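Residue numbers (the working numbering): 134 to 518.
Put into structure tokens, the structure is as follows:
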């Protein structure tokens, strides 16, 4: 058999002959429709952020399933595409790139389309490091707690105890080291912290003192805090039985609370300098102390600015350009305020597309809104020869 090569209506006659020579036949009508060609129906790619993971789905229609996707030209982006049409990779340096994609159907028919791939600049995080360089002293046979601190990196921190140095202490994944002070002496406790990308390790010295001295609060100042940023500090005391229970007597910044373990934590809701009075009870004596905590105002986001200065002249029947902005809080949402009769459309990702308008000079008013509510507008001129 064979497949029809042209659309149309065909008459097919089928005959059958019996064992005794008798025959019968019938005529049928076969209608062959024209083949629907394969085409890429995605019109734009979402913008990416420099150095971050990227994924987008490109779609096609027509032809014969299944489809096979390929990148004809990645434009130097290093992106890859699978047979489902998922375009993935790590976004390259900020800028605009041209990417050409190719799709092939099961009958080997192909379609090809080029896209503008826009990458905006991202903040480069500081390297992950352990900020705690030594541990507060412990007392032999007494309860012990310390909070480890890390800086930089990306994402949440996960702490791990590599070697307790013979102390018998435990380390929670949120960085709280606790247990009972071992025998008097000097110890080295090795810990590690992991973020979304790497792990760093550090050996911390721990001095364990002998018999307790008189109960004394050693915390006289507190580290600064920032409005609307999570804060934690540990109040410290020495001496006594070291079975300490802390209590907030008065004062303190709005949003901060003091736990019985002496952890002052929370999210400050207003800037200012606040006095705080607290007490510690070791079961035998109560001692009162005070300190101040300074809460800095939250940093304002940089001013949102549209950085596109001019629009490129059209080069064909269809027009495409990508607008860019800096500052504010990403992601951005773009919109067209006035297209001046050009008929061009502006996607929320900043892609300006459409059929090239007639010759003339068009003044487009565009707007971009960031995630913090800032709005920037700009008038851009488009000259069509």
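Just so it is clear, CB atoms sit at the ideal spot from N, CA and C, and this is done for glycine as well.
Here the structure is a predicted model, which is why all the values come from computation and not from measurement.
Contacts around residue i, its chain only, beta-carbon distance under 7 Å, and the 5 residues preceding and following it disregarded
| i | result |
| --- | --- |
| residue 276 | 313, 375, 376 |
| residue 283 | 261, 262, 263, 264, 290, 326 |
| residue 356 | 366 |
| residue 186 | 223 |
| residue 104 | Here the chain has residues from 134 to 518 only, and residue 104 is not among them. |
In DSSP terms, what residue i is bridged to
| i | result |
| --- | --- |
| residue 188 | 221 |
| residue 206 | 233 |
| residue 433 | Beta-bridge pairing links residue 433 to no other residue. |
| residue 504 | Bridge partners of residue 504: none, in fact. |
| residue 513 | 497 |
| residue 423 | 410 |
Alpha carbon of residue i to alpha carbon of residue j, nearest angstrom
| i | j | result |
| --- | --- | --- |
| residue 174 | residue 192 | 6 Å |
| residue 270 | residue 346 | 13 Å |
| residue 499 | residue 513 | 8 Å |
| residue 502 | residue 339 | 52 Å |
| residue 517 | residue 447 | 7 Å |
| residue 440 | residue 495 | 19 Å |
| residue 108 | residue 353 | Residue 108 lies beyond the residue range present for the chain, which begins at 134 and ends at 518; the question has no answer from this structure. |
| residue 328 | residue 297 | 21 Å |
| residue 529 | residue 242 | Beyond the ends of the chain as shown, which are 134 and 518, falls residue 529; an answer cannot be given. |
| residue 390 | residue 422 | 16 Å |
| residue 444 | residue 230 | 16 Å |
| residue 165 | residue 216 | Low per-residue confidence applies at residue 165: pLDDT is 48, beneath 50, and the placement is therefore not dependable enough to give any value. |
| residue 364 | residue 432 | 16 Å |
| residue 406 | residue 350 | 21 Å |
Other residues of its chain near residue i: CB distance less than 6 Å, five sequence neighbours each side excluded
| i | result |
| --- | --- |
| residue 178 | 189, 248, 250 |
| residue 510 | 500 |
| residue 466 | 481, 502 |
| residue 419 | 412 |
Closest by C-alpha distance to residue i, when choosing among the options
| i | options | result |
| --- | --- | --- |
| residue 180 | 468, 456, 497, 504 | 456 |
| residue 195 | 329, 171, 449 | 171 |
| residue 176 | 478, 490, 507, 505 | 478 |
| residue 471 | 209, 515, 387 | 515 |
Sequence-distant residues of its chain with Cβ nearer than 8 Å to residue i (five each side left out)
| i | result |
| --- | --- |
| residue 392 | 379, 398 |
| residue 317 | 273, 341, 342, 343 |
| residue 198 | 238, 239 |
Continuous beta strand (DSSP E) stretch holding residue i: start and end
| i | result |
| --- | --- |
| residue 197 | Per DSSP, residue 197 belongs to no beta strand (DSSP E) and is neither H nor E. |
| residue 375 | Careful: residue 375 lies outside any beta strand (DSSP E) and carries neither H nor E. |
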